[in-house]
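Keeping their order, the protein sequence lines are chains A and B.
Under UniProt numbering, the first residue of the first sequence carries the number 1, and numbering increases by one thereafter.
Under UniProt numbering, the first residue of the second sequence carries the number 1, and numbering increases by one thereafter.
All residues carry an ideal CB built from backbone N, CA and C; glycine is no exception.
As the structure is a prediction and not an experimental result, all values here were calculated from the model.
Only one structure is covered here, and it is reproduced in the block below.
Number of protein chains: 2
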Amino acid sequence: MIGDRHIAALDQILELVVLVNDDMTRSLARAGLTVSRTHLLWELRRHGPTTQRDLAAALKVSARTVTGLVDGLETTGFVSRQPHPTDRRATLVTFTERGRQTVEAMEHGQQEFAHLLFAEMPAERFDGFTAGLGEILDRLRGIGLAQSQPGDDR
Amino acid sequence: MIGDRHIAALDQILELVVLVNDDMTRSLARAGLTVSRTHLLWELRRHGPTTQRDLAAALKVSARTVTGLVDGLETTGFVSRQPHPTDRRATLVTFTERGRQTVEAMEHGQQEFAHLLFAEMPAERFDGFTAGLGEILDRLRGIGLAQSQPGDDR
DNA sequence: CAAAATAGTGAGCATGACTCACGGTGTGGT
DNA sequence: ACCACACCGTGAGTCATGCTCACTATTTTG
């Protein structure tokens, strides 16, 4: 029956999630980073100097969590805290030179990773994959994600 | 150029990872579970009553970590510790009735989730997707996963 | 039978997430 | 102009997950 093939495909997706997660975590550890702290650096990359409050909203975590992430990134020299020019309550988080260079190196590494995954794939298969993936993403986003219960993770 | 399409596809994959992770975590929280504890339950489901040492090997974590996971699952009533019949050093971790029912419910939920993702997808697109996904998984597994540097996670 | 290996756990550490409470600052209503 | 309220960041404390080191109890091995 068809159902079995669907379950097998879901198992493949779950394996992909695990492999990609593990790979990212290892790569980031080599660079002296964690996944959460990297999220924060990417937000800085997108939006430039940002208050901790805005970072909390963008990363969907509490303000207290951002304090901890910035503490860590400041200790290891990737970002620095600057007073906000007009609001003395707020602090602006900005890249240090080292932080900026690290993020640029990560962007380059990401391109290499994409090349590694797709470079030798026939165009037809690549297109078929992205078409299916796009549809799956639409459903995941659309269903609100809150009702379904995959119940497991591999 | 083609490279841009590859990067876009990688971004899709990273979004998928995030969405699936978040959805799983939420679903499990509703059931009173966490990802790691669920891994342990699935191992019990596959292999029946198991020593903590074997669970540690299966889950690729330290023995000490298994102690903590079993502590939590025992407190919330999903598993119980039984003395090993022949080795008085070891303990066998077994399902409680509640634990067994919970895992069966999760399996059912996973089937619903697969149905939700794939049910209305044309067979041709489904096949194209799984073909591409299979090739990507082969590369991820094969490359050892340790050399590449995606550097980012969304 | 003594020495070495194994099974589980206590203690202690780090990360990342949360809440609650609190001090300092900005803003709006009267 | 002022006071009450809202907002920003952080200290303190909690929980889950991982780790190592040290220890006891037991089994296996030489």
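At a Cβ cut of 8 angstroms, what residues of the stretch 125 to 141 of chain B count as close to chain A, listed as they run along the chain?
-> Arg125, Phe126, Asp127, Gly128, Phe129, Thr130, Ala131, Gly132, Leu133, Gly134, Glu135, Ile136, Leu137, Arg139, Leu140 and Arg141
Can you tell me where the beta strand (DSSP E) with Leu92 of chain B in it begins and where it stops?
-> For the purposes of this step, residue 92 of chain B is taken as the residue at position 92 of the second sequence. Segment Thr91 to Phe95, the beta strand (DSSP E) holding Leu92 of chain B.
Neighbour-count burial assignment, His6 of chain A, 16 or more Cβ in a 10 Å radius | Taking the first sequence and counting its residues from 1, one reaches residue 6 of chain A at position 6. With 16 or more Cβ atoms within 10 Å of its Cβ, His6 of chain A is classed as buried.
With a floor of 4 residues, list each alpha helix (DSSP H) that falls wholly inside the UniProt domain "HTH marR-type" (10 to 142) of chain B, ordered by position along the chain.
-> 35 to 47, 52 to 59, 63 to 75, 97 to 118 and 123 to 142
Say whether chain B places a C-beta atom closer than 7 angstroms to the C-beta of Ala61 of chain A.
-> As a first step, residue 61 of chain A must be located in the first sequence, where it is residue number 61. According to the sequence provided, residue 61 of chain A is Val. The question's Ala does not apply to it. False, the Cβ-Cβ gap to chain B never drops below 7 angstroms.
Cα separation between Val61 of chain A and Asp11 of chain A?
-> Counted from its first residue, the first sequence places residue 61 of chain A at position 61. Counted from its first residue, the first sequence places residue 11 of chain A at position 11. C-alpha separation (whole angstroms): 29 angstroms.
Can you list, in chain order, the residues of its chain whose CB lies under 8 angstroms from that of His115 of chain A, leaving out five sequence neighbours each side?
-> Working through the first sequence from its first residue, we reach residue 115 of chain A at position 115. Cβ neighbours of His115 of chain A beyond the five flanking positions: none.
Hey, is the stretch 134 to 141 of chain A in contact with the stretch 77 to 91 of chain A, meaning 3+ C-beta pairs nearer than 8 angstroms?
-> no
Using a Cβ cut-off of 9 angstroms, pull out every chain B residue sitting near His47 of chain A, in sequence order please.
-> As a working mapping, residue 47 of chain A is identified with position 47 in the first sequence. When 9 angstroms is used as the limit between beta carbons, His47 of chain A is near no residue of chain B, the shortest such separation being about 15 angstroms.
Mind checking if Val17 of chain A is an interface residue toward chain B, Cβ cutoff 7 angstroms exclusive?
-> Along the first sequence, read from residue 1 onward, the residue named residue 17 of chain A stands at position 17. Taking Cβ atoms only, chain B reaches closer than 7 angstroms to Val17 of chain A, which makes this a yes.
Whole-angstrom Cβ separation of Leu59 of chain B and Leu40 of chain B, contact assumed at under 8 angstroms?
-> To locate residue 59 of chain B, count along the second sequence from 1; it is residue 59. To locate residue 40 of chain B, count along the second sequence from 1; it is residue 40. Indeed, because the Cβ distance is near 6 angstroms, the residues count as touching under 8 angstroms.
Residue-level contact to chain B via CB, Gln12 of chain A, 7 angstroms cutoff | Reading the first sequence from its first residue, position 12 is the one you call residue 12 of chain A. At a cut-off of 7 angstroms between beta-carbon atoms, Gln12 of chain A makes contact with chain B.
Straight-line gap, His108 of chain A to Val79 of chain B (C-alpha atoms, nearest Å) = On the first sequence, residue 108 of chain A is found 108 positions in, with the first residue counted as 1. On the second sequence, residue 79 of chain B is found 79 positions in, with the first residue counted as 1. Each residue's alpha carbon lies about 46 angstroms from the other.
Beta-carbon separation (whole angstroms), Glu124 of chain B vs Arg125 of chain A, contact threshold 8 angstroms = Position 124 of the second sequence, counted from the first residue, corresponds to residue 124 of chain B. Position 125 of the first sequence, counted from the first residue, corresponds to residue 125 of chain A. That pair is no contact at about 13 angstroms.
Indicate the three-state DSSP secondary structure (helix, strand or coil) for Gly151 of chain B in the structure shown.
-> Taking the first residue of the second sequence as position 1, residue 151 of chain B is located at position 151. Model confidence at Gly151 of chain B stands at a pLDDT of 38, short of 50, so the residue's coordinates are unreliable and nothing is read from them.
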